[in-house]
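To keep things clear, I will list the structure first and then write my remarks on it.
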Amino acid sequence: MDWTRILTNVAGEFFAPTTAAYALAAIGLNIHFGLTGLLNMGQAGFMLLGAYGFAIATIAGWPLWAAVLIAIAAATIFALILGIPTLKLRGDYLAIVTIAAAEIVRLVGRSTALTELTGASSGLRGNQYKDTFQDASPFDDGTWALGPFEYAVNASNSWWIRIVGWTVVALACLLVWLLIRSPWGRVLKGIREDEDAVRSLGKNVYSYKMQALVLGGVIGSLAGILYVLPRAVQPDSMGRSMTFFIWTILLLGGAATVFGPVLGSIIFWAVLALVKLTLRDVVPTTLVRSEQIEQFGWIIVGVALMLLIIFRPQGILGDKKELAINAH
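Position one of the sequence shown corresponds to residue -14 (our numbering), numbered consecutively onward.
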């Protein structure tokens, strides 16, 4: 077994663009669930809308900054449409509505009626919308090597995507840190603990919930952009399973914490890569095929999520008293 190759690949997951994208999505979910207590099971819908908004606007000839604003606007409108009729729901009812809404976004995206706009089930190829992002790089084309890690500077899966991605993640962490310590953040925590008590103090609980839903959704849309920059916009890759991965990452790192989503994403993808790479080297293909090993990795994710909920719902960095799930 080539442990050097395996450990190098696992270490590469620590700062991969996918790891950053999921960390950012989990930060948005943390605002929904960790701070406000909203059981949003449709974060993948916000990511898919952000990806579509960015890609479609770029293909239409819009500049990079305008395409990002379109993605943010799409997530904001979706949050308003979703939140206006549903934010009076609590607990499991809100979870059912949000997962259904995300599925609607996915099914609309893969509809053949929108083939020219969204590419239907085939999606949008990456080379159609990556140019403006790559052109924004201040670095020359080529490759960089940092120790055992060597990637292209500006192409797909590049250092440029990693630099931008993790910078956005750091800014999002700073935002959450400031919000937690602000009067606005303290109201959200109060809503999470007992929204009736907050309402009795004269606060507009509905308005605060809507603000949290929009803010977390906007962060999710930015995560969607980051997720599709190294690949294509494919609606079926951003469905229910993606939301469950984001929840696993949030609960692993710790809800209602600043760095929990980041730590959770790093551990999640590193451990998953370690399991898959090790099994491919250890288990003969005559016994288990490569695609079956892939599925076994996701089985481990499901088991890990169940064990987290049962034995350590507060996650690695979290405080059990801070976890909103206890209130439902």
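Even for Gly, the Cβ is constructed at its ideal location relative to N, Cα and C.
Using CA coordinates, which residue listed in 289, 74, 243 is at the minimum distance from residue 8?
It is 243 whose Cα lies nearest to the Cα of residue 8.
Applying the 10 Å Cβ sphere with the 16-neighbour rule, what's the burial state of residue 230?
That one is buried.
In its own chain, which residues sit with a C-beta less than 8 Å from the C-beta of residue 300, not counting the 5 before and 5 after it?
The beta carbon of residue 300 sits closer than 8 Å to those of 235, 236, 237, 238, 239, 240, 242, 245, 249, 293, all from its chain and outside the five residues before and after it, given in chain order.
Output the boundary residues of the beta strand (DSSP E) element that contains residue 131.
Where residue 131 is concerned, the enclosing beta strand (DSSP E) stretches over 128 to 131.
Proximal residues to residue 311 (C-beta, below 7 Å), its chain only, five neighbours per side dropped:
Caution applies to residue 311, whose pLDDT of 47 falls short of 50 and renders its modelled position unreliable; the model cannot decide the point.
For residue 133, the nearest candidate out of -6, 253, 287, 155 (CA to CA)
For the residues -6, 253, 287, 155, the minimum Cα distance to residue 133 belongs to -6.
Run through DSSP, which three-state label would residue 244 get?
In the three-state scheme derived from DSSP, where H, G and I count as helix and E and B as strand, residue 244 is classed as coil.
Ordered along the chain, which non-local residues of its own chain (more than five positions away) have a Cβ less than 8 Å from that of residue 102?
Close CB contacts of residue 102 within its chain, under the 8 Å cut and outside five residues either way in sequence, are with 41 (chain order).
Segments of 3+ residues assigned as beta strand (DSSP E) that fall wholly inside the region 108 to 148:
Contiguous beta strand (DSSP E) elements confined to the region 108 to 148 occur at 128 to 131, 134 to 137, taking only those with 3 or more residues.
Please state the DSSP three-state secondary structure of residue 268.
Note: residue 268 maps to coil in three-state DSSP.
Quick one: measure Cβ to Cβ for residue 34 and residue 82, integer angstroms, because I've assumed they're closer than 8 Å.
Rounded to the nearest angstrom, the Cβ distance from residue 34 to residue 82 is 16 Å, too far for a contact under 8 Å.
Helix or strand or just coil, what does DSSP make of residue 316?
Lying before the first or after the last residue shown, residue 316 is absent from the chain, which here runs from -14 to 313.
Apart from the five residues just before and just after residue 313, which ones in its own chain have a Cβ nearer than 6 Å to its Cβ?
Unreliable placement is indicated for residue 313, whose pLDDT of 43 sits below 50; no coordinate value is reported for it.
May I ask you to report which of helix, strand or coil DSSP gives residue 311?
Confidence in residue 311 is poor, its pLDDT being 47 and thus under 50, which makes the residue's placement unreliable; the coordinate value appears in the next sentence. Assigned with DSSP and collapsed to three states, residue 311 falls in helix.
Measuring only the C-alpha atoms, how far is residue 28 from residue -3?
Each residue's Cα considered, the two are about 26 Å apart.
The region 203 to 220 contacting the region 8 to 23, beta-carbon criterion three pairs below 8 Å:
Yes, they touch.
For residue 218, which beta-bridge partners are listed by DSSP?
Looking at the DSSP output, residue 218 bridges to 109.
Kindly indicate which three-state DSSP category residue -10 falls into: helix, strand or coil?
In the structure shown, residue -10 sits in a helix (DSSP, three-state: H, G or I).
Can you round the beta-carbon distance between residue 193 and residue 176 to whole angstroms, since I take them to be within the 8 Å contact cut?
Correct: roughly 6 Å between the Cβ atoms.
Can you grab the Cα-Cα spacing for the pair residue 18 / residue 80, in whole Å?
So the alpha carbons of these two residues sit roughly 11 Å apart.
Tell me whether residue 20 is buried or exposed, calling it buried when 16 or more other Cβ atoms sit within 10 Å of its Cβ.
Here residue 20 is buried. Its C-beta has 16 or more other C-beta atoms within 10 Å.
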